[in-house]
Every structure is written in structure tokens, then in C-alpha cells.
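Quick note: the sequence shown uses this note's numbering, first residue 985, plus one each step.
No residue lacks a Cβ here, since even glycine has one placed at the ideal position from N, Cα and C.
Here the structure is a predicted model, which means the values were calculated and not measured.
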Amino acid sequence: MEVSIHLEKIITQPIEVNWLHSNNTKLNVLRLDLIHPVISGNKWFKLKYYLATALANKSASIGTFGGAYSNHIVAVAYACKTSGINSIGIIRGEEPSVLSDTLLDAKHYGMKLHFVNRAAYRDTEIIKQHFEDTYWIEEGGYGTEGVKGAAEILAFAKNSQNYSHIICAVGTGTMMAGIIQSAQSHQTIIGISTMKGNFALHEKVKNLLDDKNQNNKYKIMHEYHFGGYAKHPSQLLQFMNETWQHQQLPTDIVYTAKAFYATKQMILENTIPKGSNVLMIHSGGLQGNRSLPDNTLLF
């Protein structure tokens, strides 16, 4: 069975709020989250070429890496189940007494979970040696095949060449590198780092770019992490609920809420100049929200 992804469901959603009109700025959101309930958003684009290679190689298993609320982990597990290939998940941290909903889903989809402490997790090459006939995908789909898939994302944005700024959340930098590669020369790509002090991202993104893309206009912002990876103070949760009430736009505590909040602040503070035409990429994946108490969010 092949993975059934509904690319036709992608829309470019216009955002209508007062703070845009006062700055004479246009904002649209590319809704990649609509393509599939599990392999949501950019996950499919980053996985598709890795999956095709593993199947072509007739590998016995696909192995990958991630945390307890990783969108990537559950997406790989589901893709492997529907494609008829075994999956292995190397999970960062000691095994908890109760698995997260995300890991329970991954296990339900047939993924064999292996927990490693954070020190051992850093040396992925040693981990890989313990598994035979396994095709490995780095955490978050990091690598050239992930970038190749991510470079196809902008093609789904209506009149994508008309945007002056394109904004996305950044975890591993894979999607951002793909966006940079496919963007027009006049466009500025802004990545919102979701991890506190992750300045190594600059080098990670640079390493994924072709020589001809090294001079493209892009920058990574480090001011909008809200305290760190997956940190979610009440201010962020309130913003997420307001965004849902006013725009019917679901966001997550790890990536998209911080990217959308950053977009608003950069427009209000004129970091993005007045009169700009902005596209924010909704990269999908709401797994992080499953760590919240019931009824915290309105969606």
C-alpha cells in the first residue's frame, strides 16, 4: 500500500487582522498541515525521497531519530507501515514509565522503539552499527534528500513569486534550506529558531545549500523561542487560542505558534518593512500539543 497524501488540499490562507492593515502589509499562510492527519505538513516533503530510496534498495528497515513528541518519529512510523517496511525509532532520553501519546502512536504503527541516554544519542554512527540492513534517516529528515523534497513546497503557494518575505519555523534547518534553494532572488527567507541559543543552525543550513544558493537572502531569528524548545508560557498559549478564534488556524507549541507570533512581532516592529507581502509556511505537526493538559487549547 502506498502512502496517500492529499496535496490538493493545500491552500494559501489570507490573514485578515488589524495589525496588518495598519502597516499596509499582506500576510498569507501556506497550509501544509492539511495534507494528512499523521504525515502532516513538511514531514511528507522531507521524507518522500528517503522513503523512495529505501524501498528501491529493498532495505529491511528504516531507522530514524527523535524525541518523545517528535512529529518526525510518528510520520516515519506511519509511512513505513503503509509502505510495508519495518521502522526503528531511536528515542532521545531514558524510557519513561508511561509513553507519550506520540510514541504510543509510533508503536501502534509498528515502530520498534529504542531509548538511549542523551550522551549516547549524540553519536548516531555508533548507534547505527547495532542494526543490520537498515536505511537511516537523520533526525527531522536532515540531509540532501530532505532538502530536495522541501524545495518543492513553494510550488504549492499561489503566486509564490510575488512574496517579498517567506517565514518558517526551524528545527534542523532542512525545510528552510529547501525554501532557500527554491525561492526567487528578490525574496528574503526568515527562519524562526525554536530552540534557545541554537546558533549552530546557521552552519547546519549553510551545509545543506548548493554553492549557487549560498548568497541568497536569508536569516535566522533567535528571539522567539519563549524560553526554549517546546517551552510554552501562558502568553504563547493565549496567542494560540486567539489565533484559532480569529483565523481558525491551529498551531503547535513547538514550531508554528512561535513562527506565527514572530511574524506578527516582526511586522509590528517594522523588522519586516511596511508594505511587504509575507508568506508564512504552516509546517504542520501538532504532536507537541498532546503534552498539554486537556482543555488548554480551544482546538
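{"Item": "Minimum length 3: unbroken beta strand (DSSP E) runs contained in the segment 1146-1231", "Value": "1149-1154, 1172-1177, 1202-1205"}
{"Item": "Supposed close pair H1098, I1075 - CB separation, criterion 8 Å", "Value": "7 Å"}
{"Item": "Same chain, Cβ closer than 8 Å to I1023, five either side skipped, listed in chain order", "Value": "V987, I989, L1031, A1059, Y1062, A1063"}
{"Item": "For N1026, the three-state DSSP class (helix, strand or coil)", "Value": "helix"}
{"Item": "Alpha carbon of H1216 to alpha carbon of R1102, nearest angstrom", "Value": "22 Å"}
{"Item": "Meets three-Cβ-pair contact criterion under 8 Å: the segment 1239-1246 and the segment 1124-1137", "Value": "no"}
{"Item": "8 Å CB neighbourhood of T1128 in its chain, flanking five on each side removed", "Value": "L1192"}
{"Item": "The segment 1254-1263 touching the segment 1146-1160, judged by at least three CB pairs closer than 8 Å", "Value": "yes"}
{"Item": "Test item: CB-CB of T1158 and G1181 under 7 Å", "Value": "no"}
{"Item": "Cβ separation of Q1165 and N1197, assumed to be a contact under 8 Å, to the nearest whole Å", "Value": "5 Å"}
{"Item": "Close Cβ partners of T1227 (< 7 Å) along its chain, the five nearest in sequence each way excluded", "Value": "L1233, T1235, F1244"}
{"Item": "Simplified DSSP state of T1009, which is helix, strand or coil", "Value": "coil"}
{"Item": "Y1053 beta carbon less than 7 Å from that of G1269", "Value": "no"}
{"Item": "Coil, strand or helix - K1258 by DSSP", "Value": "coil"}
{"Item": "First through last residue of the beta strand (DSSP E) which encompasses F1049", "Value": "1045-1050"}
{"Item": "Whole-Å CB distance - Y1033 paired with G1162, under 8 Å assumed", "Value": "No, Y1033 and G1162 are not in contact; Cβ-Cβ is about 11 Å, not under 8 Å."}
{"Item": "Candidates P1277, I1251, K1010, of which the one nearest Q997 by Cα", "Value": "K1010"}
{"Item": "Residue environment, D1017, which counts as buried when at least 16 other CB atoms sit within 10 Å", "Value": "buried"}
{"Item": "Closest Cα partner of S1267 within the set N1041, Y1105, S1043, A1141", "Value": "A1141"}
{"Item": "Where V1131 sits in the DSSP three-state scheme", "Value": "helix"}
{"Item": "Where the alpha helix (DSSP H) through R1102 begins and ends", "Value": "1102-1105"}
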